[in-house]
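Q: Going line by line, the protein sequences match chains A, B, C and D.
Quick note: the first sequence, position 207, residue 207 per this note's numbering, numbers continuous.
Quick note: the second sequence, position 389, residue 389 per this note's numbering, numbers continuous.
Quick note: the third sequence, position 162, residue 162 per this note's numbering, numbers continuous.
Quick note: the fourth sequence, position 159, residue 159 per this note's numbering, numbers continuous.
Note that CB positions come from ideal geometry on N, CA and C, so glycine has one too.
One structure is given below, represented as structure tokens, and several questions about it will come after.
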Amino acid sequence: MDLKLSKEYEDFRQEVRDFCEKSKDQMPGPREIGASDPKRQAWQKLLIEHGYTARTIPKEYGGYGAEPDVLKSRIISEAFTETKTLGGLSNQGISMFVPTLLELGTEEQKKRWIKPTLEGTHVWCQGYSEPNSGSDLASLQTKAHVEDGMFVINGQKIWTSGAHESDMMFCLVRTEPDAPKHKGISYLFFETDNPGIDRRLLPNMTGAASFNEVFFTDAKVPMDQIVGERGDGWNVCNATLKHERGMLGDPNAAGTRLKTIIDMMHEETLDGQRLIDNPVYRDRLVQLQAEATAMQYHGLRLLTASIKKENPGLSRLIVKLQGCELNHQIASFAVDLLGELGVLYGQTPLVRNNGTWQFSYMYDLGLIIGGGTAQIQKNIISEHGLGMPREPKVGQPKPAIPA
Amino acid sequence: MDLKLSKEYEDFRQEVRDFCEKSKDQMPGPREIGASDPKRQAWQKLLIEHGYTARTIPKEYGGYGAEPDVLKSRIISEAFTETKTLGGLSNQGISMFVPTLLELGTEEQKKRWIKPTLEGTHVWCQGYSEPNSGSDLASLQTKAHVEDGMFVINGQKIWTSGAHESDMMFCLVRTEPDAPKHKGISYLFFETDNPGIDRRLLPNMTGAASFNEVFFTDAKVPMDQIVGERGDGWNVCNATLKHERGMLGDPNAAGTRLKTIIDMMHEETLDGQRLIDNPVYRDRLVQLQAEATAMQYHGLRLLTASIKKENPGLSRLIVKLQGCELNHQIASFAVDLLGELGVLYGQTPLVRNNGTWQFSYMYDLGLIIGGGTAQIQKNIISEHGLGMPREPKVGQPKPAIPA
Amino acid sequence: MEFCLSEEQKLLQDSVGGYLASVSTVEKIRETATGDEAMSKEIFDGLTELGVNSVLIPEEHGGMGMSLLDAALIQEMIGRHAAPVPYLANAGMAVVGLNEAGTAEQKEVLFPKIATGEARIGIAMSERTGAREDAKVTLEGGTLNGRSLFALDTGSATDFIVCDNEGGLHLVKADAAGLEITAMGTIDNTRSVGELKFSGTPAQPLSSENEKGLAASKMLAAGRVLAAADTLGAAQMMIEKAVAYSLERKQFNRIIGSYQAVKHMCAEMAAGLDPCHSLLWYAAYAADAIPEEAELASMHAKSHISEIGTMCARKSTEVHGGIGFTEVLGLHFWFKRIGFNRQLLGGPTSIRAEAAKLQFG
Amino acid sequence: MEFCLSEEQKLLQDSVGGYLASVSTVEKIRETATGDEAMSKEIFDGLTELGVNSVLIPEEHGGMGMSLLDAALIQEMIGRHAAPVPYLANAGMAVVGLNEAGTAEQKEVLFPKIATGEARIGIAMSERTGAREDAKVTLEGGTLNGRSLFALDTGSATDFIVCDNEGGLHLVKADAAGLEITAMGTIDNTRSVGELKFSGTPAQPLSSENEKGLAASKMLAAGRVLAAADTLGAAQMMIEKAVAYSLERKQFNRIIGSYQAVKHMCAEMAAGLDPCHSLLWYAAYAADAIPEEAELASMHAKSHISEIGTMCARKSTEVHGGIGFTEVLGLHFWFKRIGFNRQLLGGPTSIRAEAAKLQFG
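If you want it as structure tokens, here you go:
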């Protein structure tokens, strides 16, 4: 047990901090952060050169080529956060498609697609979920048949984050309709401005829109834009999902939110009393603090396991459930603290922080639901973490398909 | 909407109160409350004569013979509580066996058994649950075969409340082993001191013991000590369960408990501050108060439905779940209020109220589990109250038995 | 003893509910919420025709002279259908205030106008439930000064009842000199709120019987009962929507309503909310029949139903899954309505502190 | 940076846990809990032989000179097996107090005796976490007067460390003149507590470095970490018992562990408790390595782990159904242990108020 960093890492932290400080002038401004902005792309190249993003991607594909070192990755992330420095581009191309290609793509695919993805020339979105296939993803029905040497896609995707800002998409489609459920799926990728692809923003309850519905009507995709074999898309996608689950949120995020709330409690008053002096709110604050502290050190425990290449088992499985719930509770507390001011929203007089707490209160509920609902998380924890039986399959109206 | 009683009922309340006041000297003392105590039995007879117990049981079977009037029943119960008058005997013979006999017994059985049960000559316990048949009662395995014109019982019951103080038992046993699960059960009754019946107290976590295990080894029962037909016991028992569910708890009970707690909060101090002045405890108290008030008026709503012979549907189904949980929360609050004093238990220095809050904290958890666990209650609410599907039957290791 | 709704009350609820079911559709709500005014004139007029504005107005003034319970049942339907109309402040609190403290003349002038919808009264008294930013309104020489945040139903108001820092009530014209009204945007675009700034604003006092703030307290209690009723209706609808959706939506070849996790979420919502009906009935009934219990009852109803409503809003959204988080089904209008009501006229923590003070000093 | 247990720490836990698994059986616990002393001499002696009492004793005094984290890991195992032995006060708080404030002579005399189990130190300082009945202990002319409720490990104590109303610490012999010890019965008969009454009781002060109550605060923080560890171990065991039982018990021809409701109860327990390990490690580690964070961390650990532990105690009992409510399986020993720890050295509400005061004044 040692919370201090060794000299190597302390030095590394200093190096990153120094970089952040001295490169501030090259950093894109708030209106230059689009992936296609030249200043943004130059910044991205600079970060790759220093190994502050795309750090472990091999050099020949446009990355920095370092050995994986989760502690250094964490140090980079923390130093960028604390110095308010803009980090590397993030989209599902970089976080999911690139790792998938590295694992299962052909050499040609890697050479062709990874570098421009890392550099922001291509921005990707992910087409997995469908209106009737959410928790039960493998039941997806978007189809592709082959015609004139092309895949021809018909169907609909939903929850496609960022599709409106992406030029590329990777996607699961059913190419072998007669095969068993999990064996008829292929993993294709293609340009989003193909004829026959219609992207529509799907606003959420916060009023913002980051999701899309994507409709396919005879959209054509070259036969070589597939990762893995035809019918093997479920396995390819699970390799990718593994990477998604591999991403840990910032374990200090809840603590940072609470610090903001504590500041607010010192500033805001109710009937002339500072909120920080209200014993009931103090009690609720300290409850959340304790839980945030537990999650923070839980994050360090997972980080350590990751450094030591140990499998943390159940400990990793609980992070989404507990983390999202805690964030939701924190936002809920902030709204309650503000009372009537807490329901103000958008650009409006007296609103605090543009209604960010109300936004979080709703958005965090979306996160509780998205990426595996709380109920699915509890299934996973009990089944994979505690060894309890899987949900029985019952009441199938169709003859059973071997899964 | 009218919370006032009409003159008829106000008069009735006065009459009951008067009775309570003027009959105090005939009331048994704390050591004379056993059902077999002559003073207790005389008191019981007096109550029956006045219609303050066994009120709606026909005269010819030893009751008072009044028409059912739930409001009068409630008035009796309230007047007895407020004047601290000992009410009628209560055991599962009176609350469950007698109503069952009235509904499904033979004339001879009614004549023979009801009056002595009402008068306390016979005290009954109920043998339904078995170690492996709790939530799934119909799977019970205690068997009776016929030999020399007698039923001969072998097997084991559990959770038999008050068996150690009962001379009679009514019981579900499997008499037709080859019939489908629900159709092989019979409803028998017999003396508990029969040879071959072994009652053992089963202490619970509170340290008290009110449950028993009952073991049967070739226990013999005359063939006519059966209610309903052979194999029809499941239906007979459900008629009885209906009566059990029909009993509503005192809706004011939670409020009464809270009043005791409020008194305690005025008396007890922590670091010299009265607990009633602690804002965090005040907040928790008022939360519980609001919920108790909701349940209190919910009780009045159900009472009204009962008076009007309307089916309250979902409203009745939630009472056990919410009521038990509320009581448990109240006890938990009281223990927390007392802090270290709250863990004292039994006859010991400084203990408050003999540790009654700690007792309730545990006992109420038992009530959450007993008589249909909280999980079973939620199944019932969703299925019968909200029209959601029943639990699917899956993974049966044996060939399916038509249920 | 009869603790249930009368046949007339059930009819009233059915008729208001039936009307709102037909007009306050998701499309209508969406249209209103994204428009400039947080109010549908069409629905307001339709409800006015049904007479809902005059429920609490005494018969001698041409109203129906009904009880707060009746108004609460109407409000419950308004919440149930997330109807974008002013009611709580205008037909509820304002009429209670005028009944309690208005002069004969004030009643004579305003009641008929409220009944026909010609007058719409906003209420500025949120400081009485806890002042933010040290806001307050003071009376000096017959005019008002200061400010009141979060005044209710400001958008369409023709007049306001304003509560000063001593609990005195005042009628102020919406177009009075020295009155500045600033609209505030909230998560819930089906009701309007705003900030009122007073600088030497002429005001007409409600009669002096009101010296100790008793009328203000009664208005506040009525407002809380109505806010609770609104949440009750909205939460009830969210449960029904969740159950209905769960019986349609399939995953893994099963309707999701057959999963125990989903069933239990629905059961928990229903078990929590069902007794809230009784709590609300009691609180509303007490306002008329058991005055000594009315204030505490209104606090219990508002705080408890807010908590249960919040739980239902969350769980219903969860049962709906991703689609519940979008704007597609419009479920979020109910979610936000419950969130808005929760903070209105005092959040649960503040109200519980008040309730404790009322009982234990 | 390495936030995990060392190999040595894992070995330590395995060896203590393995020993306790073999001796602290349900039968043994039951036998002890129904006996007169809330302590099994056999287990205490066995643990003493394993050296657990000397974990915190410095090496120069013949101890192991290990950290509070090591002691917490041992206490976790003691809680895990609901072992009826004194540890928290005797080998934990007392050694911390002596280390902080004891004179060279006091250490020289007591440490070897604690290590061998010859001395067993009880702790009387519950007033420091909130005084009931206005109890307090005052120092007058070198003797103690007053009373202290809920002193820990009184039953087998040979000596006490007593905290006076100014935070001063004093050694008192269990057989001192003017000391009256009254045993108290609690729900948890695996640890002993009692009331101490002092009337002119001779006492030996711990050294004067302790004037501002710093040593007392450190003892308290250590005691809270250890109480949290005990609950953590007990709750972890309750989860494991629940899962195991759910995989055995069948109803409706299915093991109950296949029902989603049961699975989710188990998942909720595990998800709540798992991060508590990290919280405990941090709080214990901070005591030695990050003193400026140690006090707050101990409060977070004690209050949060108490809340989660209480939840686990309840849900595990529910998963066990009726049999969990009986004494048959002995599950209630763990339930009660968690309930006892919850109130020990300050209940969650009191501790959170303290934590807020520490941070925000």
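Beta carbons nearer than 9 Å to chain A: which residues of the stretch 156-188 of chain C have them?
A: For the stretch 156-188 of chain C, which is checked against every Cβ of chain A, the residues closer than 9 Å are Thr-182, Ala-183, Met-184, Gly-185, Thr-186, Ile-187 and Asp-188.
Q: If you draw a straight line from the alpha carbon of A/Tyr-52 to that of A/Leu-300, how long is it in whole angstroms?
A: On the first sequence, position 52 is the one that residue 52 of chain A refers to. On the first sequence, position 300 is the one that residue 300 of chain A refers to. A/Tyr-52 and A/Leu-300: Cα-Cα distance of roughly 21 Å.
Q: For D/Ala-33, does the count of other Cβ atoms within 10 angstroms reach 16, so buried, or fall short, so exposed?
A: Translated into the one-based positions of the fourth sequence, residue 33 of chain D becomes position 33. Counting Cβ neighbours within 10 Å, D/Ala-33 comes out buried, since at least 16 surround it.
Q: Answer with yes or no whether the minimum CB distance from B/Thr-304 to chain C is below 8 Å.
A: For this step, residue 304 of chain B is matched to residue 304 along the second sequence. Cβ-Cβ to chain C under 8 Å: yes for B/Thr-304.
Q: Quick check on this structure: which residue in D/Ala-157, D/Gly-97 and D/Lys-107 has the alpha carbon closest to the alpha carbon of D/Glu-118?
A: Along the fourth sequence, read from residue 1 onward, the residue named residue 118 of chain D stands at position 118. Among D/Ala-157, D/Gly-97 and D/Lys-107, the Cα nearest to that of D/Glu-118 belongs to D/Ala-157.
Q: Run the CB neighbour count on A/Glu-60, radius 10 Å, all protein chains shown included, and call it buried at 16 or more, exposed below.
A: Translated into positions along the first sequence, residue 60 of chain A becomes position 60. So A/Glu-60 counts as exposed.
Q: Considering only the beta carbon of each residue, do C/Ala-131 and C/Cys-163 sit closer than 8 Å?
A: Within the third sequence, the letter at position 131 stands for residue 131 of chain C. Within the third sequence, the letter at position 163 stands for residue 163 of chain C. No, the pair does not count as a contact, with Cβ atoms beyond the cut-off.
Q: Within the 8 Å Cβ cut-off, does A/Arg-245 reach chain D?
A: Taking the first sequence and counting its residues from 1, one reaches residue 245 of chain A at position 245. Summary for A/Arg-245: the model assigns pLDDT 49, below 50, so the residue's position carries little reliability; its value from the coordinates is reported in the next sentence. Not closer than 8 Å to any Cβ of chain D, the Cβ of A/Arg-245 fails to qualify, so no.
Q: Output yes if chain B places a C-beta closer than 8 Å to the C-beta of A/Val-343; else output no.
A: As a position in the first sequence, residue 343 of chain A is number 343, starting the count at 1. Chain B, which has no Cβ nearer than 8 Å to the Cβ of A/Val-343, makes this no.
Q: Do you know whose CA, among C/Ala-261, C/Glu-354 and C/Asn-90, lies nearest C/Ala-71's CA?
A: Residue mapping note: residue 71 of chain C aligns to position 71 of the third sequence, counting from 1. If we check each option's Cα against that of C/Ala-71, C/Asn-90 comes out closest.
Q: Please classify D/Asp-138 as buried or exposed, where buried requires at least 16 neighbouring CB atoms within 10 angstroms.
A: To locate residue 138 of chain D, count along the fourth sequence from 1; it is residue 138. Reading off the sequence, residue 138 of chain D comes out as Thr, not Asp. Burial call: exposed.
Q: Over the uninterrupted beta strand (DSSP E) stretch that includes A/Val-146, give me the two end residues.
A: Mapped onto the first sequence, residue 146 of chain A falls at position 146. Element bounds for A/Val-146: 143-147.
Q: With DSSP run on the structure shown, which of helix, strand or coil describes A/Met-169?
A: Sequence index remark: in the first sequence, residue 169 of chain A carries index 169 (1-based). Residue state, collapsed to three classes: strand.
Q: A/Pro-279 versus chain B: which residues are under 8 Å apart at the beta carbon?
A: Here the question's residue 279 of chain A lines up with position 279 in the first sequence. Residues of chain B passing the Cβ test: Asn-278, Pro-279 and Val-280.
Q: Classify A/Val-214 as helix, strand or coil using the three-state DSSP reduction.
A: Within the first sequence, the letter at position 214 stands for residue 214 of chain A. Three-state result, A/Val-214: strand.
Q: What is the rounded straight-line gap between the Cα of C/Glu-8 and the Cα of B/Pro-180?
A: Locating residue 8 of chain C in the third sequence gives position 8, where the first residue counts as 1. Locating residue 180 of chain B in the second sequence gives position 180, where the first residue counts as 1. If I take the Cα positions, the gap works out to 51 Å.
Q: Could you pull out every unbroken beta strand (DSSP E) segment of at least 3 residues lying fully inside the stretch 183-242 of chain A, listed in chain order?
A: For the stretch 183-242 of chain A, whole beta strand (DSSP E) runs of length 3 or above, ordered along the chain, are 185-191, 197-202 and 211-222.
Q: Does chain C have any CB closer than 8 Å to the CB of A/Gln-375?
A: Counted from its first residue, the first sequence places residue 375 of chain A at position 375. Yes, because at least one Cβ of chain C sits closer than 8 Å to the Cβ of A/Gln-375.
Q: Is the beta carbon of D/Ala-356 closer than 8 Å to that of A/Arg-282?
A: Start at 1 with the first residue of the first sequence, and residue 282 of chain A comes out as number 282. Start at 1 with the first residue of the fourth sequence, and residue 356 of chain D comes out as number 356. Taking 8 Å as the Cβ cut-off, A/Arg-282 and D/Ala-356 qualify as a contacting pair.
Q: If I measure Cβ to Cβ from B/Arg-230 and keep anything under 8 Å in the same chain, skipping five residues before and after, which residues do I get?
A: Locating residue 230 of chain B in the second sequence gives position 230, where the first residue counts as 1. So the qualifying residues of the chain are Thr-175, Glu-176 and Ser-186.
Q: Assuming D/Ser-148 contacts D/Leu-226 under a Cβ cut-off of 8 Å, what Cβ separation, rounded to an integer in Å, is found between them?
A: Working through the fourth sequence from its first residue, we reach residue 148 of chain D at position 148. Working through the fourth sequence from its first residue, we reach residue 226 of chain D at position 226. With 8 Å as the limit, D/Ser-148 and D/Leu-226 do not qualify as a contact, their Cβ atoms being about 19 Å apart.
Q: Contact between the stretch 374-387 of chain B and the stretch 212-228 of chain D is defined here as three or more beta-carbon pairs at a separation below 8 Å; is this criterion met?
A: With the cut-off at 8 Å, the stretch 374-387 of chain B and the stretch 212-228 of chain D do not touch.
Q: Give the secondary structure of C/Ser-311 by DSSP, where H, G and I count as helix, E and B as strand, and everything else as coil.
A: On the third sequence, position 311 is the one that residue 311 of chain C refers to. Sequence inspection shows Met at residue 311 of chain C; the Ser mentioned does not correspond to that position. Three-state DSSP puts C/Met-311 in a helix.
Q: Using a Cβ-Cβ distance cut-off of 8 Å, determine whether A/Glu-325 contacts chain C.
A: Here residue 325 of chain A refers to the residue found at position 325 when the first sequence is read from its first residue. Closer than 8 Å: no.
Q: Do you know offhand how far B/Thr-348's Cα is from D/Glu-133's?
A: One-based indexing of the second sequence puts residue 348 of chain B at position 348. One-based indexing of the fourth sequence puts residue 133 of chain D at position 133. If you take the alpha carbons of B/Thr-348 and D/Glu-133, they lie about 16 Å apart.
Q: Residues of chain A with a CB under 9 Å from the CB of B/Asp-283: which are they?
A: As a position in the second sequence, residue 283 of chain B is number 283, starting the count at 1. Those within 9 Å of B/Asp-283 in chain A are Pro-279, Val-280 and Asp-283.
Q: Pairing CB atoms from the stretch 258-266 of chain C with CB atoms from the stretch 37-53 of chain C, are three or more of them under 8 Å?
A: Contact fails: fewer than three Cβ-Cβ distances are below 8 Å.
Q: Check whether the stretch 192-204 of chain A touches the stretch 216-226 of chain A, taking contact to mean three or more Cβ pairs, one atom from each stretch, closer than 8 Å.
A: These segments touch.
Q: Between which two residues does the beta strand (DSSP E) carrying C/Lys-173 extend?
A: The residue given as residue 173 of chain C occupies position 173 in the third sequence. Element bounds for C/Lys-173: 169-173.
Q: So is B/Asn-91 in contact with chain C if we call contact Cβ pairs under 8 Å?
A: Translated into the one-based positions of the second sequence, residue 91 of chain B becomes position 91. Answer no: the Cβ-Cβ gap between B/Asn-91 and chain C never drops below 8 Å.
Q: Under 6 Å Cβ to Cβ from D/Asn-189, same chain only, skipping five residues before and after it: list those, please.
A: Position 189 of the fourth sequence, counted from the first residue, corresponds to residue 189 of chain D. Cβ neighbours of D/Asn-189 beyond the five flanking positions: Ala-33 and Ala-38.
Q: Taking only three categories from DSSP, how would you classify A/Pro-392?
A: For the purposes of this step, residue 392 of chain A is identified with residue 392 of the first sequence, where counting begins at 1. Three-state result, A/Pro-392: coil.
Q: Below 8 Å on the Cβ atoms is my contact criterion, and I expect A/Ala-208 with A/Leu-202 to pass it. Report the Cβ-Cβ distance as a whole number of Å.
A: For this step, residue 208 of chain A is matched to residue 208 along the first sequence. For this step, residue 202 of chain A is matched to residue 202 along the first sequence. In fact, because the Cβ distance is near 11 Å, the residues do not count as touching under 8 Å.
Q: Candidates C/Ala-176, C/Val-328, C/Gln-260 and C/Val-96: which alpha carbon is nearest A/Phe-211's?
A: Here residue 211 of chain A corresponds to residue number 211 of the first sequence, with the count starting at 1. Measuring from the Cα of A/Phe-211, the nearest candidate turns out to be C/Val-328.
Q: Which runs of the alpha helix (DSSP H), 4 residues or longer, sit entirely within the stretch 20-96 of chain C?
A: Qualifying alpha helix (DSSP H) stretches, in chain order: 26-34, 41-50 and 68-80.
Q: Considering only the beta carbon of each residue, do A/Ile-226 and A/Leu-172 sit closer than 8 Å?
A: Locating residue 226 of chain A in the first sequence gives position 226, counting from the first residue. Locating residue 172 of chain A in the first sequence gives position 172, counting from the first residue. Cβ atoms of A/Ile-226 and A/Leu-172: not closer than 8 Å.
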